[in-house]
Amino acid sequence: MSNILENASVFPQTISTIVIFNSCKTNKIIAVLKRHTMERENSTRCKGPMNMRTLLSFFLAVAITQLCGGAIISSVEDYFWRDYSGIVPKDAYAAGTDANGQPTYVAQISIPYVRDPRRSTVDVIPAVLRAGEVEVYAPYNFDVTYVSAINSSLKVLCVYSSSYYKWHSLTTPLPSYHRYVVVGYESSRPLYLGRAVMDNQTLTGKIYADDRRRLIAAYQGGQVYLDSFTILTYYR
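One rule links them: number in the working numbering = place in the sequence shown (from 1) + 757.
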């Protein structure tokens, strides 16, 4: 690896690619490179010196084939938040449905910490967004909070590809390389996104990362607590 780093200025694209692969399975990649380095060194004692570019290409091909396969692209997929001013972005993630069967999206709102006015902490929480509406709503402080895009800064959850996102039930182990989607923080506690079916609707709401026993959602002007739900995950 030290030889590779010394030649970083000559092979910048190769080095940057190896760094990305390092995040996939660091220890295994290093082990593979070391093993094949020894094999190639033994081989070159008989056949003469090997071109550095050829050696790097060989190491890289081995790492890709044995460790990452076709999962390299999916490992860098992620989610992000776009500004919302009344028009739902094309890449917004549809997480639920309303009473009319129309999709609902995930907004993100920032509100002052209400339990202790002396603190300057701002909670960032997920809210329900309906297409064409400027007002979103979210369960908060044992009530439902309504925020308008007209006088507040709203964000909406977007993804590169929805195929990387799955709803996971806590009754089964979390699949390998899957991570929970963090949609906010309340009292410095990370929040996950959950959903559950209720009265022909698919409600979405928050789940505390350190207490996943229930989903807290807004319903008919109040909060509801649901024990049966799924959590949004993404393949990483």
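A virtual CB, placed ideally from N, CA and C, is assigned to each residue, including glycine.
- Under the three-state reduction of DSSP, Ser905 is assigned to strand.
- Counting every other CB atom within 10 Å of its CB across the protein chains shown gives Leu911 a total of 16 or more, marking it as buried.
- Beta-carbon to beta-carbon, Gly951 and Phe899 are separated by about 18 Å, too far to satisfy the 8 Å threshold.
- At a Cβ-Cβ threshold of 8 Å, Leu914 and Tyr862 count as neighbours.
- Within the same chain, Cβ atoms closer than 7 Å to the Cβ of Asp967 are found at Arg946, the five residues on either side in sequence being excluded.
- In the structure shown, Tyr991 falls within a strand segment according to DSSP collapsed to helix, strand and coil.
- Here the segment 851-862 makes no contact with the segment 935-945; the two share fewer than three CB pairs at distances below 8 Å.
- Taking the Cβ atoms as the reference, Ile882 lies roughly 17 Å from Gly978, outside the contact range of under 8 Å.
- Per DSSP, the beta bridge partners of Ile973 are Lys963, Tyr982.
- A residue is called buried when at least 16 other Cβ atoms come within 10 angstroms of its Cβ; Pro869 does not meet this threshold and is exposed.
- Val845 is the residue among Met955, Val845, Arg993 whose C-alpha sits nearest the C-alpha of Glu892.
- Beta-bridge pairing by DSSP links Val939 to Tyr949.
- Cβ contact annotation for Ala975 (same chain, cutoff 7 Å, sequence separation greater than five): Val885, Tyr894, Ala895, Pro896, Val901, Gly962, in chain order.
- In this structure, the straight-line span from the alpha carbon of Tyr850 to that of Ser920 is close to 11 Å.
- With fewer than 16 other Cβ atoms inside 10 Å of its own Cβ, Thr929 counts as exposed.
- Exclusion of the five residues before and after Ser867 leaves Val879, Val881 as the residues of its chain whose Cβ lies within less than 6 Å of its Cβ.
- In this chain, Ser918 is not harboured by any beta strand (DSSP E), its DSSP state being neither H nor E.
- Bridge partners of Phe837 according to DSSP: Cys915.
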